[in-house]
Amino acid sequence: MVKHNRTKEKKGPVWHNEDIAQKATAVFFGRDVLPHYGLSGKIISIAPTELQDIQVNNLYQDYNYVMEDGSWKHLEFESSDITLKDLKRFRAYEALASYQYEVDITTYIICSGKVQNPRSQFTSGLNTYQAVAISMGDRDAGAYIHTLQEKREDGETITRSDLVWLALCPIMGGDMPQKERIQAALELIKKSGSLSKEDKNMLEAVLYVLAAKFLDSRELEEVKEVMKMTQLGAMLIEEGRAQGKEEGRTQGKEEGRSEGKAAALIEIIRHKLEKGLSSDYISELLDLDPVYVRKISAIILEMPGRTDLEIAQKLTKVK
3 MVKHNRTKEK KGPVWHNEDI AQKATAVFFG RDVLPHYGLS GKIISIAPTE LQDIQVNNLY
63 QDYNYVMEDG SWKHLEFESS DITLKDLKRF RAYEALASYQ YEVDITTYII CSGKVQNPRS
123 QFTSGLNTYQ AVAISMGDRD AGAYIHTLQE KREDGETITR SDLVWLALCP IMGGDMPQKE
183 RIQAALELIK KSGSLSKEDK NMLEAVLYVL AAKFLDSREL EEVKEVMKMT QLGAMLIEEG
243 RAQGKEEGRT QGKEEGRSEG KAAALIEIIR HKLEKGLSSD YISELLDLDP VYVRKISAII
303 LEMPGRTDLE IAQKLTKVK
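Here's what the structure looks like:
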């Protein structure tokens, strides 16, 4: 969910709607979600989410918030069990950001309904690292949606607070299929009389970002048609196609012909993976051979310390 776009200017009628959705989601979680889980204090701005260590490796985080007292709140998302490696990574984020920006930081980990008993601390030497794990598994998306549908049918008012939680249905627990969740959520949001147009657009953006972050390629295919029904969804999909074709034409047509161009393509794929997209979805988005994208994705995941150029050289040698 982190914005990893390096290009400030793009040719053609690109509306930057994915960036808009990401920013809206950052505001949404900081303002509407975290206070429900004990985040005290007032957020005054969004903090940097890209750090560089002494090896000049970019460390991408999901969201950072600057609080009124000068401290930071760091927000991460996990769709699978939290491992010791994950916690050490979050500790590294905190340590580097705290050192570089001279601030105190607390990490909140929002876990999807698939995560059971999330781990939130570990001890190393004399130090114990502690994060705040927030599990969405205790909320049944289907039951919550049905409750809101019944309230609407009975003529009861559905409040803004009700709909805030509705936007989180993709990462809640329960047996309701993702396509049905999002379709029902969009309908309730669309027909709500208690939301402004701005709030409706924000909640649609959150649904989009969470779907792209947490759903696998099969589930994403199921919700793609549903998301097209919204103005935001149609614009995002169109922008993704335009950007994917442009990147595919400029970076993908001559893949493997030179290490430089291959490295540029690998950088794009790496950034898409860091956003939580699957290799199959990336191949479709960039209009590339899925087998080739899977091979690159596997190397990136298996060898996180390798640079894009080193991976390109490895692929060239294999060829």
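Sequential numbering of the sequence shown, starting at 3, is according to the numbering used here.
For every residue, glycine included, the Cβ atom is placed at its ideal position computed from N, Cα and C.
Legend entry - Alpha-carbon to alpha-carbon, Ile160 and His6: The residue given as residue 6 occupies position 4 in the sequence shown. The residue given as residue 160 occupies position 158 in the sequence shown. Here His6 scores only 41 on pLDDT, less than 50, and its place in the model should not be relied on; the value that follows carries that caveat. Taking the straight line joining both Cα atoms gives about 36 Å.
Inset, instruction - For the beta strand (DSSP E) containing Leu77, list its first residue and its last residue. - result: Counted from its first residue, the sequence shown places residue 77 at position 75. Note, Leu77: beta strand (DSSP E), 74-80.
Inset, instruction - Classify Ser280 as helix, strand or coil using the three-state DSSP reduction. - result: Locating residue 280 in the sequence shown gives position 278, counting from the first residue. Note: Ser280 maps to coil in three-state DSSP.
Legend entry - Between the CA atoms of Pro292 and Ser73 - distance to the nearest angstrom: The residue you call residue 73 lines up with position 71 of the sequence shown. The residue you call residue 292 lines up with position 290 of the sequence shown. Their backbone Cα atoms lie some 43 Å apart in a straight line.
Inset, instruction - State yes or no: is the C-beta of Val225 within less than 8 Å of the C-beta of Leu217? - result: The sequence position of residue 225 within the sequence shown is 223, counting from 1. The sequence position of residue 217 within the sequence shown is 215, counting from 1. Contact flag set, yes.
Legend entry - Three or more C-beta pairs below 8 Å linking the segment 176-196 and the segment 145-161: yes
Legend entry - Terminal residues of the beta strand (DSSP E) in which Ile302 lies: In the sequence shown, counting from the first residue as 1, residue 302 sits at position 300. No beta strand (DSSP E) contains Ile302, which is instead part of the alpha helix (DSSP H) from 292-304.
Inset, instruction - In the DSSP assignment, find the beta strand (DSSP E) that holds Asn129 and state where it starts and stops. - result: Taking the sequence shown and counting its residues from 1, one reaches residue 129 at position 127. Taken as a continuous stretch (DSSP letters only), the beta strand (DSSP E) holding Asn129 covers 129-132.
Inset, instruction - Flag this pair as yes or no: are the beta carbons of Ile270 and Ile313 separated by less than 8 Å? - result: The residue labelled residue 270 in the question sits at position 268 within the sequence shown. The residue labelled residue 313 in the question sits at position 311 within the sequence shown. Result no, Cβ atoms of Ile270 and Ile313 do not sit closer than 8 Å.
Legend entry - Assigned secondary structure, Asp289 (DSSP; H/G/I helix, E/B strand, else coil): Translated into the one-based positions of the sequence shown, residue 289 becomes position 287. Residue state, collapsed to three classes: coil.
Inset, instruction - Identify which residue in Ser82, Glu70, Asn66 has its Cα closest to the Cα of Tyr95. - result: As a first step, residue 95 must be located in the sequence shown, where it is residue number 93. Ranking Ser82, Glu70, Asn66 by Cα distance to Tyr95 puts Asn66 first.
Inset, instruction - Using only alpha-carbon positions, find the residue among Lys274, Gly278, Leu317, Glu70 that is nearest to Ser81. - result: One-based indexing of the sequence shown puts residue 81 at position 79. Per the Cα distances, Gly278.
Inset, instruction - Go ahead and pull the three-state DSSP assignment for Gly144. - result: The count along the sequence shown starts at 1 and reaches residue 144 at position 142. Three-state result, Gly144: helix.
Legend entry - Exposure label - Gly175; buried when at least 16 CB within 10 Å: Position 173 of the sequence shown holds residue 175. Flag for Gly175 reads buried.
Legend entry - Reference Ser219; option with closest CA among Met178, Leu275, Lys202, Ala265: Indexing the sequence shown from 1 puts residue 219 at position 217. The option with the nearest alpha carbon to Ser219 is Leu275.
Legend entry - C-alpha distance - Leu128 paired with Thr85, whole-angstrom precision: Translated into the one-based positions of the sequence shown, residue 128 becomes position 126. Translated into the one-based positions of the sequence shown, residue 85 becomes position 83. Cα to Cα, the separation comes out at about 20 Å.
Inset, instruction - Locate the alpha helix (DSSP H) running through Ser163, then write down its first and last residues. - result: Start at 1 with the first residue of the sequence shown, and residue 163 comes out as number 161. Element bounds for Ser163: 162-168.
Inset, instruction - To the nearest angstrom, report how far apart Lys192 and Leu205 are at their CA atoms. - result: Along the sequence shown, one-based indexing puts residue 192 at 190. Along the sequence shown, one-based indexing puts residue 205 at 203. Rounded to whole angstroms, Lys192 to Leu205 spans 10 Å at the Cα level.
Inset, instruction - Taking Leu190 as the reference, give the member of Lys181, Leu168, Pro306, Tyr110 with the closest Cα. - result: On the sequence shown, position 188 is the one that residue 190 refers to. The shortest Cα separation from Leu190 among Lys181, Leu168, Pro306, Tyr110 belongs to Leu168.
Inset, instruction - Out of Val117, Leu197, Leu222, Glu78, state which residue places its alpha-carbon closest to the alpha-carbon of Thr108. - result: If you number the sequence shown from 1, residue 108 lands on position 106. Considering only alpha carbons, the answer is Glu78.
Legend entry - Same chain, Cβ closer than 8 Å to Asp282, five either side skipped, listed in chain order: Here residue 282 corresponds to residue number 280 of the sequence shown, with the count starting at 1. Cβ neighbours of Asp282 beyond the five flanking positions: Ser219, Pro292, Val295, Arg296.
Legend entry - Continuous beta strand (DSSP E) stretch holding Met69: start and end: Working through the sequence shown from its first residue, we reach residue 69 at position 67. Run containing Met69: 65-69, per the beta strand (DSSP E) assignment.
Legend entry - Backbone secondary structure at Gln118 - three-state DSSP: Translated into positions along the sequence shown, residue 118 becomes position 116. Gln118 falls in the coil class under three-state DSSP.
Legend entry - Alpha carbon of Ala145 to alpha carbon of Ser122, nearest angstrom: Along the sequence shown, one-based indexing puts residue 145 at 143. Along the sequence shown, one-based indexing puts residue 122 at 120. Straight-line Cα distance between these residues: approximately 28 Å.
Legend entry - Element boundaries [beta strand (DSSP E), containing Ser126]: The sequence position of residue 126 within the sequence shown is 124, counting from 1. Start and end: 123-126.
Inset, instruction - Mark Arg272 as exposed unless 16 or more other C-beta atoms lie within 10 angstroms of its C-beta, in which case mark it buried. - result: As a first step, residue 272 must be located in the sequence shown, where it is residue number 270. Arg272 comes out buried.
Legend entry - Extent of the continuous alpha helix (DSSP H) run through Ile184: In the sequence shown, counting from the first residue as 1, residue 184 sits at position 182. That run of the alpha helix (DSSP H) goes 180-193.
Legend entry - First through last residue of the beta strand (DSSP E) which encompasses Cys113: Counting from 1 along the sequence shown, the entry for residue 113 is found at position 111. Segment 107-113, the beta strand (DSSP E) holding Cys113.
Inset, instruction - Alpha carbon to alpha carbon, how far is Asn119 from Gly139? Give it in angstroms, no decimals. - result: Taking the sequence shown and counting its residues from 1, one reaches residue 139 at position 137. Taking the sequence shown and counting its residues from 1, one reaches residue 119 at position 117. If you take the alpha carbons of Gly139 and Asn119, they lie about 9 Å apart.
Legend entry - Spatially closest choice to Ile111 from Lys215, His76, Glu221, by CA coordinates: Looking up residue 111 in the sequence shown gives position 109. Closest by alpha carbon: His76.
Legend entry - Glu200: first and last residue of the uninterrupted alpha helix (DSSP H) it sits in: Here residue 200 is taken as the residue at index 198 of the sequence shown, counted from 1. Taken as a continuous stretch (DSSP letters only), the alpha helix (DSSP H) holding Glu200 covers 199-216.
Inset, instruction - State buried or exposed for Ser285, treating a residue as buried only when at least 16 other CB atoms are found within 10 Å of its CB. - result: The sequence position of residue 285 within the sequence shown is 283, counting from 1. By the neighbour-count rule (16 or more Cβ atoms within 10 Å), Ser285 is buried.
Legend entry - CA nearest to the CA of Asp177, picked from Ala300, Ala143, Asn203, Leu303: As a working mapping, residue 177 is identified with position 175 in the sequence shown. The shortest C-alpha separation from Asp177 is found at Ala143.
Legend entry - Straight-line gap, Pro179 to Tyr103 (C-alpha atoms, nearest Å): The residue you call residue 179 lines up with position 177 of the sequence shown. The residue you call residue 103 lines up with position 101 of the sequence shown. For Pro179 and Tyr103, the distance between alpha carbons rounds to 43 Å.
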